[in-house]
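All remarks here apply to the structure that follows.
Numbering (the UniProt record's numbering), first residue to last: 1 to 614.
Here's what the structure looks like:
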């Protein structure tokens, strides 16, 4: 039998590695920024165009590379970070595999200009699809400038899978924030399509958080500081009252590297147990410093998934540290059973001076004086107005007659007229009733109809919002006092993207600054207290499920509003609301399914009921 195993050519191996390392433009940004950090840079610039598809450039003032190192850096597994296998368990750098530059050069046009402090001139290299086009001497400043153009130019299938420019830019921003938070001692600047997005001077960790997420974040932070033999925990958690339904501002850093750890996230949730409502998520910026020998980073190409030697101990330390900080800064309520609450000085009287009580006497008071009424209390009662009955003369008290309508459905299980509207039925049986605050039960000719009230209301609201956005004839109610809502820069950019659709629904916006949004009007179905919740849910959904075109964006907006504003399980509905919801559901174009393709109702025929009694 002939030998069939062959060594892959370098350019093929590089493209395979690129499939793991470079998933989207944000992956390139992450690798280049981490290389700049490893080069001991103090000032880093990130420049992107068209969501990173056209250009990604990272310029740093690090140590630079010599002529030989610059050429060798694009070879597979060529690195200055480690030399032997034991170094994998003593890592102090971001990169160590030596695959990033080779993978990027295999699927893009790359230009690198670099110079060390000792050299008078630097090196300029051009590479296209792993092929070195040119390498020449150039006059460049100290440091390194990496330009990645036309990403996935030789893999059109991968390029077609990229999202829109706004979506890719959002992912790039997330990676930029992660690196910038992990290294507050380094100054960063970020430019998109020629305009400056954010400029972060070197600062401490707290000020870096405030620079990225806005000034209002400063009042939300509770500091953490605990050092043990196993781990050193520093950073901040947000106060319980600022918990959100979305998982937005949640960051773990292990040895100055952003990581994802569901296990440690559970420890944070355990520390906030009893302080936040179920389903809410606290924000946190937690830095863990452990011995490099006790952490394994080399388990995933993205290096965000790590493994600790003793996760159980780390879990316990983290949970107790957060609880201690929340109690130390009077965020968590403390119970002192030894203290007598009756001896506590009221808050309003703590700063008042002690004085003798004053006594006033009414010298003109005569207890034997008659007030002219028989009322023992001495208060005179106003004479009642006479003749008020004549205002309602001729009016008879009648119960309102409900018009439940005749609904026709051609779906399975419901034929012809679905409700039994005979006089005998209306007089003897209630039209609808609510079962366990979750279902609405109604009678039909063939038997019984059971409707999930939450899903049914979602369908009704979804079609209503979709119609309003499409026709743009939504009704808006103006607020007496405009609302000023605080968001991060990234959240503000998302709101700007969907602002037009929100206005079509009924929202009216005022000034929009990099950190605040002024809301002047809301749709009729939205109350003033729900505006913040609706906005946060919208931002969360658009971050998790990014919309590609205008139709999918409108569809997602309608779904989110319907899910947020619909009647929830556990809410009590009066009879009129029950009948109205039933009528509205079967007036929809697709009444059998919710916007999320779940059944809204089911029918139980009289035959099914008879079978239960056999």
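Beta carbons: idealized from backbone N, C-alpha and C, even for Gly.
Every value quoted in this text rests on a predicted model; they were computed, and no experiment measured them.
Using a Cβ distance threshold of 9 angstroms, residue 506 and residue 460 do not count as a contacting pair. If you draw a straight line from the Cα of residue 586 to the Cα of residue 187, it comes to about 59 angstroms.
Bounds of any beta strand (DSSP E) do not take in residue 75, whose DSSP letter is neither H nor E. The closest CA to that of residue 513, considering only 495, 530 and 181, is found on 495.
Note that the C-beta distance between residue 21 and residue 117 is not below 9 angstroms.
Your pair residue 319 and residue 280 does not check out as a contact, with CB atoms roughly 18 angstroms apart and the cut at 8 angstroms.
A distance of 9 angstroms or more separates the beta carbons of residue 199 and residue 184. With respect to the 9 angstroms criterion, residue 466 and residue 603 are not classified as neighbours on the basis of their beta carbons. Secondary structure of residue 138 (DSSP, three-state): strand. Counting along the chain, residue 287 sits inside the beta strand (DSSP E) bounded by residues 284-289. In this structure residue 222 is buried. Its beta-carbon is surrounded by 16 or more other beta-carbon atoms within 10 angstroms. Its Cα nearest to that of residue 194, the residue 45 stands out among 503, 529 and 45. Exclusion of the five residues before and after residue 295 leaves 254, 255, 306, 307, 308 and 309 as the residues of its chain whose Cβ lies within less than 8 angstroms of its Cβ. Secondary structure at residue 515: coil, using DSSP grouped into helix, strand and coil. Rounded to the nearest whole angstrom, the CA to CA distance from residue 612 to residue 491 is 55 angstroms. Taking C-beta atoms as the reference points, residue 581 and residue 451 count as a pair closer than 9 angstroms. Non-local beta-carbon contacts of residue 453 in its own chain, meaning distances under 7 angstroms to residues more than five positions away in sequence, involve 438, 439, 440, 567, 573 and 581 in chain order. Secondary structure of residue 145 (DSSP, three-state): strand. Look at the beta carbons and you see the region 594-609 touching the region 556-570: at least three pairs across the two are nearer than 8 angstroms. In the same chain as residue 458, and ignoring 5 residues on each side of it, the C-beta atoms closer than 7 angstroms to its own belong to 562, 563, 566, 594 and 595, in chain order. Residue 601 and residue 456 do touch by the CB rule: their CB atoms are close to 7 angstroms apart, below 8 angstroms. Counting only runs of 3 or more residues that sit fully inside the UniProt domain "DNA mismatch repair protein S5" (209-327), the beta strand (DSSP E) segments are 221-227, 232-238, 250-254 and 284-289, in chain order. Inclusion of residue 173 and residue 65 in the CB contact set at 9 angstroms is not warranted, their separation being larger than that value. For residue 154 against residue 107, the beta-carbon gap comes to about 6 angstroms, under 8 angstroms, which counts as contact. Under the DSSP assignment, residue 115 falls in the beta strand (DSSP E) whose first and last residues are 109-115.
Where residue 156 is concerned, the enclosing alpha helix (DSSP H) starts and stops at 156-160. With 16 or more neighbouring CB atoms inside 10 Å of its own CB, residue 124 falls in the buried class.
Distances from the CA of residue 137 to each of 274, 325, 68 and 364 were compared; the closest alpha carbon is that of 68.
Sequence-distant partners of residue 510 (beyond 5 residues in either direction) whose C-beta falls short of 7 angstroms from its own C-beta, in its chain, are 482, 518 and 520.
In the displayed model, residue 597 falls within coil according to three-state DSSP, outside both helix and strand. The Cβ atoms of residue 326 and residue 271 lie closer than 9 angstroms to each other. If you draw a 10 Å sphere on the C-beta of residue 133, you find fewer than 16 other C-beta atoms in it, and that means exposed. In the three-state reduction of the DSSP assignment, residue 171 falls in the helix class, which pools H, G and I. In the assembly as shown, residue 161 is an exposed residue. Its beta-carbon has fewer than 16 other beta-carbons within 10 Å.
CA-to-CA, the gap between residue 247 and residue 522 works out to about 25 angstroms.
Within the same chain, and ignoring the five residues on either side of residue 191 in sequence, the residues whose Cβ sits closer than 6 angstroms to its Cβ are 47.
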